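Visitor: In our numbering, the protein residues as written are 3 to 387. Think of the CB as a built atom: it goes at the ideal place given N, C-alpha and C, for glycine as much as any other residue. All figures in this text were calculated on a predicted structure; none of them were measured in a lab.
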């Protein structure tokens, strides 16, 4: 009896030991599994996600440029007369009709008087020839008639030449004896020097015509220029005028001439990028020319069905795609897996891109991650996503 009870007790102790061993094994395995998952979680990329939402895009076109006169008046001189007086210098403000320079015309006036005297002499000579012709006609001397007729024709041609010379000199004296401002403006260049003729091919004086207003030219990237059209208005800000804002209108958009080896000037450009030149027209009495103006034109699109941040859009040799976070139930809870989804994109601005297809409003799209993420990898969602 005692032997039987001892055997039973021994069996019970063995079973309890086995149960404790199994329990310990399960606990250890659970601990190891939890610990390994914890370590794995710490090694996973932390990601933030967003869902595609409807909205509009805002295309911003910005840049800077320098104010200049909308129109320049170039005052040329046809003669080689020396300059007698120069009354202005670059930077002077002038009024319409103001005398800017005076030329020496004494030789031209003397030449005019000489030609007028020669013309009078030719008139007298012609009258004598006409009298001689009448005499020869009465005497019926055909040979003499022909000679006198030729002399009369020669005299008339000489008089025509003198008439043109006299008219030209009178016009030059009327137009170029004094150089006057055709309109109110600012003198930008003076090539007239006292005592010397004005250099050939150069304007004696250049004037910025204030009556025509001012213009501002700026270069921008061609991809931005597609959102601007002639007639668009913008407010230009001028730091030189205490940050005053002046309304301006786009009057012209054309290809910009980019110097060799340079990306040009204006708003952020990279080397070799195609450029466009915008011309603004503006009117303000405070502007004198040379001021730097800044502009920012914002164009909003119609509503798109789905927009995502630009950072969410990726691209490889198969095309554009996004990474969507998919949930997977595991023994220790929910796991999150990055899954590739090909997308077709449409318009985009500086921050968002429209998605034509490839995602739904319920998809959680990875926007940023603590380290690179590939298709099929586990990820860790940050708090708040």
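1. Could you please give me the residues that DSSP links to residue 403 through a beta bridge?
2. Where residue 278 and residue 252 are concerned, what is the direct C-alpha to C-alpha distance, given to the nearest angstrom?
3. Say yes only if the C-beta of residue 358 is nearer than 7 angstroms to one or more non-hydrogen atoms of the ligand FAD, and no if none qualify.
4. Quick check: what's the CA-CA separation for residue 294 versus residue 209?
5. So, for residue 161: in the same chain, excluding its five sequence neighbours on each side, which residues have a beta-carbon less than 8 angstroms away from its beta-carbon?
6. Name, in chain order, the residues that DSSP records as bridge partners for residue 282.
7. Could you please give the first and the last residue of the uninterrupted beta strand (DSSP E) stretch that includes residue 92?
8. Check whether the region 340-347 and the region 360-370 are in contact - that is, three or more C-beta pairs closer than 8 angstroms.
9. CB-CB under 6 angstroms to residue 60, same chain, minus the five flanking residues each way: which ones, in chain order?
10. For the region 93-165, list the beta strand (DSSP E) runs that are entirely contained and at least 3 residues long, ordered along the chain.
11. When DSSP labels each residue in this structure, what does residue 2 get in the three-state scheme?
12. How would you write the range of the alpha helix (DSSP H) that residue 227 sits in, first residue to last?
13. Do you know offhand how far residue 211's Cα is from residue 229's?
14. What's the call for residue 91, buried or exposed, on a 16-neighbour Cβ count within 10 Å?
15. Would you call the CB atoms of residue 323 and residue 238 closer than 8 angstroms?
16. Looking only at its own chain, which residues have a Cβ that is under 7 angstroms from the Cβ of residue 80, when we skip the five neighbours before and after it?
17. In chain order, what residues of the same chain have a beta carbon less than 6 angstroms from the beta carbon of residue 83, not counting five sequence neighbours either side?
18. Can you find the residues in the same chain that come closer than 8 angstroms, C-beta to C-beta, to residue 132, ignoring five residues on each side of it along the sequence?
19. Assign residue 366 to one of three DSSP states: helix, strand, or coil.
20. Taking the alpha-carbon positions, what's the residue 89 to residue 103 distance?
21. Going by C-alpha distance, which of 258, 47, 371 and 281 is nearest residue 316?
22. Write down the C-beta distance between residue 183 and residue 194 rounded to the nearest angstrom, noting that I regard them as a contact closer than 8 angstroms.
23. Quick one: grab the DSSP three-state call for residue 382.
24. Taking residue 377 as the reference, give the member of 340, 98, 221 and 243 with the closest Cα.
25. On the CB-based measure, 16 or more other CB atoms within 10 Å of its CB, does residue 225 come out buried or exposed?
26. I need the boundaries of the beta strand (DSSP E) containing residue 56, first residue and last residue.
27. Alpha carbon to alpha carbon, what distance is there between residue 98 and residue 67?
28. How would you label residue 187, buried or exposed, when you count the other beta carbons within 10 angstroms and need 16 or more for buried?
29. Run through the DSSP bridge pairs and tell me what residue 297 is partnered with.
30. To the nearest angstrom, how far is the alpha carbon of residue 327 from that of residue 249?
31. Measuring CB to CB, does residue 392 end up less than 8 angstroms from residue 72?
32. Nearest to residue 57 by CA position, among 144, 349, 368 and 374, is which residue?
33. Nearest to residue 169 by CA position, among 76, 25 and 117, is which residue?
34. What does the alpha-carbon distance come out to for the pair residue 95 and residue 101?
35. Roughly how many angstroms lie between the CA atoms of residue 114 and residue 138, to the nearest whole one?
36. Compare the C-beta of residue 48 against all C-beta atoms of chain C and say whether one is closer than 8 angstroms.
Guide: Quick answer:
1. Residue 403 lies beyond the residue range present for the chain, which begins at 3 and ends at 387; the question has no answer from this structure.
2. The C-alpha of residue 252 is placed about 13 angstroms away from the C-alpha of residue 278.
3. Looking at this structure, you won't find the ligand FAD or any other ligand, since it has none at all.
4. Answer to the nearest angstrom: the Cα atoms are 20 angstroms apart.
5. For residue 161, where only same-chain residues beyond five positions count, the Cβ hits under 8 angstroms are 121, 124, 125 and 128.
6. Residue pairing from DSSP places residue 282 in a beta bridge opposite 218 and 252.
7. Here residue 92 belongs to no beta strand (DSSP E), and DSSP marks it neither H nor E.
8. Yes, the region 340-347 is in contact with the region 360-370.
9. Same-chain partners within the cutoff: 300, 302 and 351.
10. Here the runs fully enclosed are 101-105.
11. For the chain, the structure presents residues 3 to 387; residue 2 sits outside this window and is missing.
12. Unbroken alpha helix (DSSP H) run through residue 227: 224-227.
13. Straight-line Cα distance between these residues: approximately 31 angstroms.
14. When all chains shown are included, residue 91 counts as exposed.
15. The beta carbons of residue 323 and residue 238 sit no closer together than 8 angstroms.
16. Closer than 7 angstroms at the Cβ level, and outside the excluded window around residue 80, lie 174 and 178.
17. The beta carbon of residue 83 sits closer than 6 angstroms to the beta carbons of 105 and 106 from its chain, once the five residues preceding and following it are set aside; these are given in chain order.
18. Around residue 132: 154.
19. Reduced to three states, the DSSP call for residue 366 is coil.
20. Residue 89 and residue 103 have their alpha carbons spaced roughly 6 angstroms apart.
21. Of the listed residues, the one whose Cα sits closest to residue 316 is 371.
22. Not a contact, Cβ separation roughly 13 angstroms.
23. Correct three-state label for residue 382: strand.
24. Closest in alpha carbon position to residue 377, among 340, 98, 221 and 243, is 340.
25. Burial call: exposed.
26. Note, residue 56: beta strand (DSSP E), 55-57.
27. Annotation: residue 67 to residue 98 spans about 29 angstroms, alpha carbon to alpha carbon.
28. Answer is buried; the Cβ neighbour count reaches 16.
29. For residue 297, the pairing in a beta bridge is given by DSSP as 65.
30. When rounded, the distance between both Cα atoms is 48 angstroms.
31. As displayed, the chain neither begins before 3 nor continues past 387, which places residue 392 out of reach and without an answer.
32. If we check each option's Cα against that of residue 57, 349 comes out closest.
33. Ranking 76, 25 and 117 by Cα distance to residue 169 puts 117 first.
34. Straight-line spacing of the CA atoms in residue 95 and residue 101 works out to 12 angstroms.
35. Straight across, the Cα-Cα distance linking residue 114 with residue 138 is about 36 angstroms.
36. Here there is only one protein chain, and chain C is not present.
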